[in-house]
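These protein sequences, in sequence, are chains U and L.
Count along the first sequence from 1, add 1, and you get the number used in my numbering.
Count along the second sequence from 1, add 49, and you get the number used in my numbering.
Think of the CB as a built atom: it goes at the ideal place given N, C-alpha and C, for glycine as much as any other residue.
Below is one structure, written out as structure tokens; comments come after it.
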Amino acid sequence: MKLRLCLYLAAISAVLVAAAPSHTAKRPRYGGTLQVEIGATVTSLDPAVAAANPEEAGAKAELDALLYDRRGEDGTFAGVAGSGAFRVSEWEAGKRAVLTANEDYREGRPFVDSVEIQMGRSAHDRVLDLELKKTDFAQIPAEQARPAADHGVRVSTSQPNELLALVFLRGGPGIEAARVREAIARCIDRAAIVNFILQKEGEPAGGLLPQWSSGTAFLFSTETSARSAKEIRSQISASPKLVLGYDSADRLEQSVAERIAVNAKEAGISLTSRGISSPGNKPAHGTDIRPGEAVHVDARLVRLRMLSPLPRVSLTAFIETLGPMAGIVDSPLPQSASPEDVYYCERSIINSGLIVPIVWMPQVYGISARVRDWKQPAASETWPLAGVWLDSSDAH
Amino acid sequence: MRLLPRFSLLRASVISALLVFAGVSARAQTTAQFPSDWTNALGSLADKIAAVTKRSESLSLAVKNMSSLSAADVGGLHDVLVTDLARRNRRITKESLADATLQVTFSESADGYVWIAEILDGVKENVVMVSVTAPNQKTSGREAPLTLHRKLIWEQASRIVDFGILADSASDGASILIILDAGKLSFYKSPDKDWKLAREITIEHARPPRRDIRGRIDLQAGKARLPDAECAGDFRHPESVTCTTVTALADPEIPRQSIAVQGRPVEDYAVLAPVCDDSPLTLVTGQGDWTEPDSIQAYLGGNPENSASSKIQFLGPVLELWRNADGKSARAVSRNLKTGTYEASIVSVSCGD
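As structure tokens, then:
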């Protein structure tokens with residue numbers, strides 16, 4: 002039997018590839034520098050230092066997740082910088098950072114030797130550098146995913162996990178205010194926003210949770226009904242003039258706000274869109290202060306990333322953020338909340354008309370061909386750069 | 050000439066009857082195979098529907114599938130629900146004769162299945178739902194002339210480096226399962242159907258283990274090796290096993306020399322003894338990196354260009370594939386990308402069917 006087995010092994014050896022490449026594209030390899038470009042300018046990696054705007058806060062959270070092993074109870078990163086997968090070896094605030102693999106990282110040394118991060122790169126430049134293979138990894142605005150893919154960029158798109166919603170900041174009591182909100186909710190052409198503004202990278206949103214997370218999103222209508230919006234409008238004695246605020250630095254929000262204003266106008270509602278500074282700088286709900294100017298807004302667009310794929314966790318976080326803005330007082334969902342409990346909580350918020358979901362957007366990343374084992378982060382996860390490796394056969 | 054149509058009619062009737070019988074049998078079989086939590090959930094859904102409808106109320110029923118359930122499963126679940134509703138004196142009828150409409154949607158969330166009933170009675174609409182844990186998808190191939198079979202042995206959250214199964218000398222017919230991961234060597238015994246932890250030995254490391262740590266269990270030698278640690282003893286007597294730190298222990302088979310299969314280098318494979326004829330078999334993992342579903346396929350040993358079986362699919366990458374000592378099967382460690390758990394499976398081969 003042993004002799005037979007030896008013969009079999011010899012037969013197999015005959016097909017062993019002595020000249021096979023020194024690597025395969027499957028099992029990870031160590032080494033190399035991962036080139037990363039981000040749009041934000043991060044001025045400090047210290048978790049205790051507040052970010053100037055949401056873009057910086059988002060980027061900082063991603064970088065801190067690479068440097069710190071653990072988060073504190075409040076979700077912020079804690080412990081010693083460098084306890085994570087990487088350590089900072091070079092730092093130019095707001096411009097550039099080089100992170101080096103931590104040999105003693107609890108979960109094992111990252112595959113790449115280092116990560117070099119260029120900051121303040123515009124979306125256009127990031128896409129261009131991906132096309133020219135000057136970078137390995139960059140986040141791309143959802144609306145630019147298709148054009149980038151058309152230009153040969155390897156694109157990784159998550160499940161839609163970021164909600165763009167309209168929040169009425171001063172909902173106001175009374176039937177008429179509620180009717181105005183209902184009319185606006187009905188007149189928004191979500192399909193057009195997805196198809197034209199987002200270039201089909203997203204989904205119309207009727208509820209506060211996406212279908213893949215809750216399984217119940219289909220129970221919330223996303224249909225446009227300009228006719229019923231007009232009917233509702235006709236029942237209101239005097240239509241107020243409303244101002245819809247959006248983040249002036251966010252071109253997507255601007256496009257969506259302008260589109261909503263057009264939809265509202267078609268329904269006979271006076272709504273104008275207006276750029277305001279980032280929510281991070283907003284001192285009070287409903288009022289935005291720029292130097293020498295106070296801007297009143299009745300509603301504003303808000304982007305919300307899901308904190309977890311689990312519907313209860315994400316809905317709870319959304320309520321914590323949006324509730325105070327819209328004046329919604331809702332008891333928190335218990336740990337044991339069933340899908341039915343989550344649905345009815347979501348339904349009661351939507352029925353209030355104070356929060357109008359518009360679209361669900363995915364996170365889109367451009368990745369070079371040599372990056373392997375890239376796994377699109379789920380709703381609660383950060384960039385998994387410690388787990389990727391560079392295939393030397395696809396060198397820059 | 051007139052006989053032909055009559056014969057055809059008769060034959061058609063017989064065939065139709067057989068098809069109906071086969072269909073009913075298949076559905077009955079499917080229904081009987083549903084997990085108990087599915088049928089319990091449908092019972093709860095029927096209770097909830099009954100709570101918002103009147104006794105003896107007739108309902109029109111429409112079913113929609115928005116989940117990963119198969120059409121056959123949905124058909125079977127539909128039948129179970131109709132039976133459950135009938136037991137609660139709710140009758141399913143045509144839409145034109147119904148007192149209320151019942152739309153049932155088999156949906157799916159990040160938590161599992163969500164089965165939703167929308168009951169529209171005039172202008173009043175009620176929505177009720179139940180949730181069900183989605184089972185792990187377990188697939189096995191069915192191909193000729195060779196068939197690969199996958200038996201899932203164990204799953205856990207931490208990465209499995211290797212595993213092995215031994216007969217338990219202390220107990221007739223029982224087995225010992227040994228799981229090696231980066232931090233421990235675990236022994237499980239199966240006094241009944243379930244594996245029960247018998248002993249767990251912590252493996253110390255001088256520094257954090259590599260992210261892609263590899264190692265092996267050698268049952269015959271009574272050894273389990275990691276790059277910087279070794280456990281030794283009589284694995285049939287876990288209490289005799291000890292683990293020690295060693296310096297850079299090299300396994301001559303890691304990394305393995307690649308073989309070429311259909312022009313691509315393959316590093317993860319297992320050479321098995323012949324099953325159907327005198328040709329040895331090579332089990333080979335699929336292409337792609339560790340972010341993708343994977344597969345294992347058998348190739349005839351001397352000719353790795355010709356597949357000898359269809360693929361068996363895995364819900365994530367196959368991280369390790371080793372030949373078992375019996376030469377007839379292989380042990381595969383894979384990661385289920387859907388659940389995030391690591392799975393230890395035995396892959397075996399049979400002739401035909």
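{"Item": "So the candidates are Ala-178(U), Phe-169(U) and Leu-131(U); which of them puts its Cα closest to the Cα of Ser-238(U)?", "Value": "Ala-178(U)"}
{"Item": "At a CB distance below 8 Å, what residues from the segment 238-259 of chain L approach chain U? Give them in sequence order.", "Value": "Arg-256, Pro-257, Pro-258 and Arg-259"}
{"Item": "Along chain L, which residues have their Cβ under 7 Å away from the Cβ of Leu-88(U)?", "Value": "It is worth fixing the name first, because residue 88(U) is Arg in this sequence and not Leu. Under the 7 Å cutoff, chain L gives no residues; its nearest Cβ is about 14 Å from Arg-88(U)."}
{"Item": "Can you name the start and end residues of the beta strand (DSSP E) that Tyr-31(U) belongs to?", "Value": "Per DSSP, Tyr-31(U) belongs to no beta strand (DSSP E) and is neither H nor E."}
{"Item": "Whose CA, out of Phe-138(U), Ile-356(U) and Leu-210(U), lies closest to the CA of Glu-183(U)?", "Value": "Ile-356(U)"}
{"Item": "Can you give me the start and stop residues for the beta strand (DSSP E) that Arg-306(U) sits inside?", "Value": "300-306"}
{"Item": "Does the distance from the CB of Ile-194(U) to the CB of Val-257(U) come in under 8 Å?", "Value": "yes"}
{"Item": "Given that a residue counts as buried once 16 or more other Cβ atoms are within 10 Å of its Cβ, and exposed if not, what is Ala-193(L)?", "Value": "Confidence at Ala-193(L) is low in this model, with a pLDDT of 43, below 50, so the placement of that residue should be treated as unreliable; the coordinate-derived value is given next. Ala-193(L) comes out exposed."}
{"Item": "Let's test the definition: count the other Cβ atoms within 10 Å of the Cβ of His-297(U) and tell me whether it reaches 16, buried, or not, exposed.", "Value": "exposed"}
{"Item": "Comparing the C-beta of Tyr-106(U) with each C-beta of chain L, is any distance below 8 Å?", "Value": "yes"}
{"Item": "If the cut is a Cβ gap below 7 Å, which residues of chain U does Glu-157(L) touch?", "Value": "Gly-216"}
{"Item": "In whole angstroms, what separates the C-alpha of Gly-124(L) from that of Thr-217(U)?", "Value": "21 Å"}
{"Item": "Between Glu-183(U) and the ligand GDP, is the CB less than 7 Å from at least one heavy atom?", "Value": "The model on display carries no ligand, and the ligand GDP is accordingly not part of it."}
{"Item": "Using a Cβ-Cβ distance under 8 Å, would Asp-160(L) count as near chain U?", "Value": "yes"}
{"Item": "Would you please state the rounded distance, in angstroms, between the beta carbons of Leu-302(U) and Thr-322(U)? I believe it to be under 8 Å.", "Value": "So it is not a contact: roughly 14 Å between Cβ atoms."}
{"Item": "Pull up the distance between the alpha-carbon of Gly-337(L) and that of Asp-326(L), whole angstroms please.", "Value": "31 Å"}
{"Item": "Give a yes or no on whether the minimum CB-CB distance between Trp-213(U) and chain L is below 8 Å.", "Value": "yes"}
{"Item": "For Val-16(U) and Ser-328(L), I'd like the C-alpha separation in whole angstroms.", "Value": "Low confidence applies here, because Val-16(U) scores a pLDDT of 40, under 50, leaving its location unreliable; read the following figure in that light. Looking at the two C-alpha atoms, the distance is approximately 14 Å."}
{"Item": "Taking the straight line between their C-alpha atoms, what separation do you get for Val-177(L) and Gly-282(L)?", "Value": "58 Å"}
{"Item": "Please tell me whether Glu-369(L) has its Cβ less than 8 Å away from any Cβ of chain U.", "Value": "no"}
{"Item": "Is the Cβ of Trp-87(L) closer than 8 Å to any Cβ of chain U?", "Value": "no"}
{"Item": "Three-state secondary structure (DSSP) at Thr-219(U)?", "Value": "A small correction: the amino acid at residue 219(U) is Phe; Thr does not occupy that position in the sequence shown. Note: Phe-219(U) maps to helix in three-state DSSP."}
{"Item": "Spatial neighbours of Gly-83(U) within its chain, please: CB distance less than 8 Å, with the 5 preceding and 5 following residues excluded, ordered by chain position.", "Value": "Leu-68, Val-89 and Asn-103"}
{"Item": "If you run the structure through DSSP and keep just helix, strand and coil, what is Lys-377(L)?", "Value": "coil"}
{"Item": "Quick one: grab the DSSP three-state call for Val-181(L).", "Value": "strand"}
{"Item": "Extract the residue ranges of the alpha helix (DSSP H) inside the segment 33-69 of chain U, only unbroken runs of 4 or more that lie entirely within it.", "Value": "55-68"}
{"Item": "What would DSSP say about Asn-162(U), mapped onto helix, strand or coil?", "Value": "coil"}
{"Item": "Let me know the secondary structure DSSP gives Phe-319(U) once reduced to three states.", "Value": "helix"}
{"Item": "Taking all protein chains shown into account, decide if Leu-146(L) is buried (16 or more other Cβ within 10 angstroms of its Cβ) or exposed.", "Value": "exposed"}
{"Item": "Quick check on Arg-71(U) - is its C-beta less than 8 Å from some C-beta in chain L?", "Value": "no"}
{"Item": "Would you kindly check if the distance between the Cβ of Val-210(L) and the Cβ of Ile-262(L) is under 8 Å?", "Value": "yes"}
{"Item": "Grab me the residues of Ala-262(U)'s own chain with a C-beta within less than 7 Å of its C-beta, minus the 5 sequence neighbours each way, in chain order.", "Value": "Leu-245, Leu-272, Thr-273 and Ser-274"}
{"Item": "Between the C-alpha atoms of Val-367(L) and Gln-160(U), what's the straight-line distance to the nearest angstrom?", "Value": "25 Å"}
{"Item": "CB-CB under 6 Å to Ile-368(U), same chain, minus the five flanking residues each way: which ones, in chain order?", "Value": "Phe-138, Arg-155, Ser-157 and Trp-375"}
{"Item": "Are the beta-carbon atoms belonging to Ile-345(L) and Thr-334(L) less than 8 Å from one another?", "Value": "yes"}
{"Item": "Using Cβ-Cβ distances below 9 Å, what residues of the segment 328-341 of chain U are close to chain L?", "Value": "Ser-339, Pro-340 and Glu-341"}
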